[in-house]
DNA sequence: ATGTTTATGAAAATCACTTTCAATGTTCTT
DNA sequence: AAGAACATTGAAAGTGATTTTCATAAACAT
């Protein structure tokens, strides 16, 4: 899995004539080792604990690069922080977010997906993406 | 309908020991007369055209007040601007957003709602709210 | 009317990015 | 291996959208 992501990135870098750097490798390792749904700030803090010389802007730019390379995806929850989650080929999921402790649980529901497609079609929309989040209290918080 | 909203607000103001002001009345009128899904900026500009003395901060605070009073709801789309929509009792809807022209269409789908409840329950979540947005091209844009 | 308390407007402060720029690094060519 | 050519980095400045501060002005109870 990690091997696949690393290859995705190095291929992207080669294809675009970019350069492979120590910072990018380090940030990728931390991203792959981390929980899903990290904000820039969170990842930056983790990275900085071990690599105090890596700056916020580099983490920011590298995360954008991961998105372009297809190994991460941006998501926005109601807390106003952009988060980045891992992309696994052919997988789509939505989220349950605990409004108390912030826990994020992923789920898939093909029936909902299908209904969304139908709704879009019935309004004449050409669907590109969709997002769905359910907010509430997780088992631990009630 | 408007009468109901105005009462919601005046009741809230009374209950909380707040004060009823000309600005709040004016902003409420503009909000009720407006399209749904207004950003603070948009509403501020409309209000200011007729009432140049009402400041941005007042519109901002008043919209928050509407949310507390239960007659408006905040929504965030992928464009990074907070918008406020009208709350109508017992109504829930989701959104189709055109990624080209920004048009927002509302829809309701009870089957999806029910499936969402089931998903939440199956993960032990106590559901509070949810949101779902479908992004794509509207009929005019393709 | 008057005092008490809340609301307002303008400006300053925050927040979460996003960009700039001089200094470094990489990779490519000899 | 050296230098050229170009991309990347870190620190700091800049942005855009709020959010807060604070002195002044309005409400409302007395």
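Chains as they are written, first to last, in my numbering: chain A, 2 to 143; chain B, 2 to 143.
Beta carbons are placed, not taken as given, at the ideal position from N, Cα and C, and that holds for glycine.
If you compare alpha carbons, which of 82(A), 99(A), 118(A), 139(A) is closest to residue 129(A)? Residue numbering aside, residue 129(A) sits at position 128 when the first chain is read from its first letter. Out of 82(A), 99(A), 118(A), 139(A), 118(A) has the C-alpha closest to the C-alpha of residue 129(A).
ask   = Would a C-beta distance cut-off of 8 angstroms place residue 175(B) and residue 127(A) closer than the cut-off?
value = Residue coverage of chain B in this structure runs from 2 to 143, which leaves residue 175(B) outside it and unanswerable.
Can you give me, in chain order, the residues of the stretch 118–134 of chain A that have a beta carbon less than 8 angstroms from any beta carbon in chain B? 120, 121, 124, 125, 126, 127, 128, 129, 130, 131, 132, 133, 134
Short CB-CB distance (under 8 angstroms) between residue 136(B) and chain A: Translated into the one-based positions of the second chain, residue 136(B) becomes position 135. Yes, its Cβ sits closer than 8 angstroms to a Cβ of chain A.
- Under 7 angstroms by beta carbon: chain A residues contacting residue 5(B): The count along the second chain starts at 1 and reaches residue 5(B) at position 4. Chain A residues near residue 5(B): none, gap ~26 angstroms exceeds 7 angstroms.
| message | Assuming residue 6(B) is part of the alpha helix (DSSP H), what are its boundary residues? | response | Taking the first residue of the second chain as 1, we reach residue 6(B) at position 5. From DSSP, the alpha helix (DSSP H) with residue 6(B) extends over 3–16.
**OP:** Check residue 123(B) in the structure and name its three-state DSSP category.
**Re:** In the second chain, counting from the first residue as 1, residue 123(B) sits at position 122. Per DSSP, reduced to three states, the secondary structure at residue 123(B) is helical.
Identity of the residues DSSP links to residue 130(B) by a beta bridge: Residue mapping note: residue 130(B) aligns to position 129 of the second chain, counting from 1. DSSP lists 136(A) as partners of residue 130(B).
**Study point:** Inter-residue spacing [alpha-carbon to alpha-carbon] between residue 131(A) and residue 57(A)
**Key:** Working through the first chain from its first residue, we reach residue 131(A) at position 130. Working through the first chain from its first residue, we reach residue 57(A) at position 56. The alpha-carbon atoms of residue 131(A) and residue 57(A) are separated by roughly 30 angstroms.
| What number of angstroms, rounded off, separates the C-alpha of residue 27(B) from the C-alpha of residue 4(B)? | The count along the second chain starts at 1 and reaches residue 27(B) at position 26. The count along the second chain starts at 1 and reaches residue 4(B) at position 3. If you take the alpha carbons of residue 27(B) and residue 4(B), they lie about 14 angstroms apart.
Touch check for the stretch 97–108 of chain B and the stretch 76–83 of chain B: three-plus C-beta pairs under 8 angstroms? Yes, the stretch 97–108 of chain B touches the stretch 76–83 of chain B.
Worksheet item: Taking residue 134(B) as the reference, which of 115(B), 124(B), 104(B), 25(B) has the closest Cα?
Response: In the second chain, residue 134(B) corresponds to position 133, counting from 1. Per the Cα distances, 104(B).
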